[in-house]
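Some notes on the structure that comes next.
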Amino acid sequence: METMKRKNTKNKLPRMAVEIAGLQLKNPVMPASGTFGYGEEYAPYLDLNRLGAIVTKGLSLKPKAGNNTPRICETVSGMLNAIGLQNVGVDAFIKHKLPFLEPIDAPVIVNFFGNTKEEYGEVAARLDEVPGVAALEMNISCPNVKHGGIIFGTDACAAGEVVSLVRKRTGKPLIVKLTPNVTDIRVTARAVEDAGADAISLINTLTGMAVDVKTRKPRLANTIGGLSGPAIRPIAVRLVHQVVQTVKVPVIGIGGISRAMDALEFLIVGARAVQVGTANFVDPNAMATIIDGLEEFCQNEGIEDINELVGTLEL
Amino acid sequence: MKNYKTIILSNQEISPNYYRMRILAPDYHKMAAPGQFVMFRVQRSLPPLLRRPFGIFRIGCLPADCEGMPHKEYIEIIYKVVGSGTGIMQELHQGDRIELLGPLGRGFELGDPQEEKILVGGGIGLVPLFMLAEKLVETSKVRLLMGGRTRDDIITVTEFERLGVETYVSTEDGSLGEEGLVTRVLERKLDKYPQASVFACGPMPMIDAVQKICRKKQVSLQVSLEALMACGVGACLGCVVKGAGHTDAEPRYLCTCKHGPVFHAEQLDWTRLEQPDDDCGGCK
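For the protein sequence lines, the chains are A and B, in the order given.
Sequential numbering from 14 applies to the first sequence in this note's numbering.
Sequential numbering from 5 applies to the second sequence in this note's numbering.
Next up, the structure:
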């Protein structure tokens, strides 16, 4: 208690607000799409007003069934999932899910995807008309669906084309979420920036697979899934570092963040904000703990504004 | 629903590979209903990463350690050691710290007190039926049909008997009780008590057989399903089952964690229920 008190009086509360593509966030912590439902699922455990932003489950033009089960399995310090982008569809989201989020004091970032370029454009256009939507996050990186998703994310030309098409359909801040499953992520990052992305978020899951040695079957019905969790963090930090060196638009870091120290790594390599994914499953209160931890770190280090940390990697 | 850090009060092997763990759990008396579950995590250990779901076996209360202190409310879970998660759990001792999220999900509906009740438990699937039996015996005649592969899988039956439940044991190898499947006993009992309503929990093949029997005999059935889960609160969509009327164009997925784990048989699409992983040791 003694030391806590001393620390608190020594340094005043740090400024935690950050800005991403014109979006004002009260702190740099938000959930990663697909790990936080539509927000309401976690409301009993976590004060949603504390979050920098809320990021929804990925939405498509029509409701989507998703993959067969089993859809998840645990691996060493991580998990594989192949949910298959099950979602209620953009119209049902606007009608039934968004009203719950509107009174919450955090901007709503809606994640979306399409099976075709035209569908991407159509979903973006529908969301563009909705005042309660603060920004769009475009998923061109889901490894678990047959059409769309990663097809666009792994081909820089296709990525550029679909982003510029969406760009024409929305005036809202547009974040593009990248896949790590490419040879050189800098190529895709440059392509989506040139096509008009306002910000880039990365990484989506790494493709992986696990086998049940007794049944000799894959552990996921979809055979291949996306790996997330602490296991992927060093890869994510490296990729965020590379993208930050390549583009001028702000970057949101994602990948295996479960503590404030993890989030700090991403900020130091140059991410302006972070998304927390699998850690929400492990501890529904994880993001609040991370926000508190970031604040405490700044206080202890005498950092007055968290933005002072961004991109301070010493090489 | 609460999420808190707490401690283990005891952790004992009750049958080869079956463990009963008592966990300090304030407020569960007020909060928990029969058939609900908890998400359990070993604190200060990275593996296993995800919490594991366990049905609540029973809720109890110990006197305070000393005067002026609150009573010690606890829950008991029973698990079978099958994988790495439950392997770590069996090594835990009194006083070890854990995190507990719960009670979660929708439990059993008690139904008409006039009806006779038949509970069907397969192995570790017996767990969520105990709290249900505690409630049901207050108003109704309750019978338990307990099945397992061998005698080792037959657990806590005497505790049901102490509640006043009539119990019938069957094992596939005949090492305890009647030889054969528990579903054969169910058919006989339903012939004798055709007005009974049925509550079942166990491995998927058993649940499916129970469902077919109940449909044929036109009796009401509630089942508690097991599934692999990551979040336990309806966010990850990892534990879904197909609901009645599900089509690809109009998906009707239900989350085992949030819409279940207890379902009325009519809620589910039985033609398309997939086999859950058997490596879940008593999880929901």
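Glycine included, each C-beta is placed from N, C-alpha and C at the ideal position.
Remember, predicted model here, so these are calculated numbers, not experimental data.
Query: 8 Å Cβ cutoff met for A:T88 and A:A223; Result: yes
Query: Proximity test, Cβ basis, 8 Å: A:M92 and chain B; Result: yes
Query: Min CB distance B:D100 to chain A below 8 Å; Result: no
Query: Exposure label - B:M73; buried when at least 16 CB within 10 Å; Result: exposed
Query: Straight-line gap, A:G184 to A:A212 (C-alpha atoms, nearest Å); Result: 14 Å
Query: 8 Å Cβ cut-off: residues of chain B touching A:Q99; Result: L241, V244, P255 and Y257
Query: Bounding residues of the beta strand (DSSP E) (the contiguous stretch that carries A:N94); Result: G91 to N94
Query: C-beta neighbour in chain B for A:T329, strict 8 Å; Result: In the structure displayed, chain A extends from 14 to 328; residue 329 of chain A sits before or after that span and is not available.
Query: Local Cβ density within 10 Å of A:Q37, reported as buried at 16 or more and exposed below that; Result: exposed
Query: Alpha-carbon to alpha-carbon, B:E77 and B:I122; Result: 29 Å
Query: CB contact check: B:F44 to chain A, cutoff 8 Å; Result: no
Query: Residues sharing a beta bridge with A:M43, DSSP; Result: A:Q288
Query: Beta-carbon spacing of A:G266, B:A239 below 8 Å; Result: no
Query: The ligand MN heavy atom lying under 7 Å from the CB of B:V189; Result: The ligand MN is not part of the structure shown, which contains no ligands of any sort.
Query: The beta strand (DSSP E) enclosing A:E135, as first and last residue numbers; Result: Here A:E135 belongs to no beta strand (DSSP E); instead the alpha helix (DSSP H) covers K130 to D141.
Query: Within chain B, partners of A:F294 - CB distance below 7 Å; Result: L54, A234, C235 and C240
Query: Beta carbon of B:V245 nearer than 8 Å to that of B:T260; Result: yes
Query: Cross-chain neighbours of B:M93 in chain A, by beta carbon under 7 Å; Result: Those within 7 Å of B:M93 in chain A number zero; the least Cβ separation is about 14 Å.
Query: B:A68 classed as buried or exposed, judged by whether at least 16 other C-beta atoms fall within 10 angstroms; Result: exposed
Query: B:H250 in three-state terms, based on DSSP; Result: coil
Query: DSSP three-state assignment for B:S14, whether helix, strand or coil; Result: strand
Query: C-alpha gap between A:V282 and A:V256, whole angstroms; Result: 10 Å
Query: Same chain, Cβ closer than 7 Å to B:R55, five either side skipped, listed in chain order; Result: M43, F44, R45, L105 and G236
Query: Proximity test, Cβ basis, 8 Å: A:P112 and chain B; Result: no
Query: Test item: CB-CB of B:M150 and B:I60 under 8 Å; Result: no
Query: Same chain only: Cβ atoms within 8 Å of A:I248, ignoring 5 sequence neighbours per side; Result: P193, I216, L219 and G268
Query: Cβ separation of B:P207 and B:G152, assumed to be a contact under 8 Å, to the nearest whole Å; Result: Wrong, their Cβ atoms sit about 10 Å apart, outside the cutoff.
Query: Residue interval of the alpha helix (DSSP H) (run including A:N313); Result: A299 to E314
Query: Environment of B:C65 [buried if 16+ CB atoms lie within 10 Å]; Result: exposed
Query: Of the listed residues B:P30, B:E183, B:L229 and B:S224, nearest to B:D116 (C-alpha basis); Result: B:S224
Query: Minimum C-alpha distance to A:R143 - residue among A:T129, A:N100 and A:F106; Result: The residue you asked about is not Arg; residue 143 of chain A is Val in the sequence shown. Ranking the options by Cα distance to A:V143, first place goes to A:F106.
Query: Chain E within 8 Å of B:N7, Cβ atoms only; Result: Absent from the structure is chain E; the protein chains it does hold are A and B.
Query: Opening and closing residue of the alpha helix (DSSP H) in which B:K221 lies; Result: M208 to K221
Query: Which listed residue (A:A78, A:L72, A:S46 and A:T82) has its alpha carbon closest to that of A:K230; Result: A:T82
Query: B:Y8 (DSSP reduced to helix, strand or coil); Result: strand
Query: Contacts of B:P51 in chain A (Cβ-Cβ under 8 Å); Result: V89 and S90
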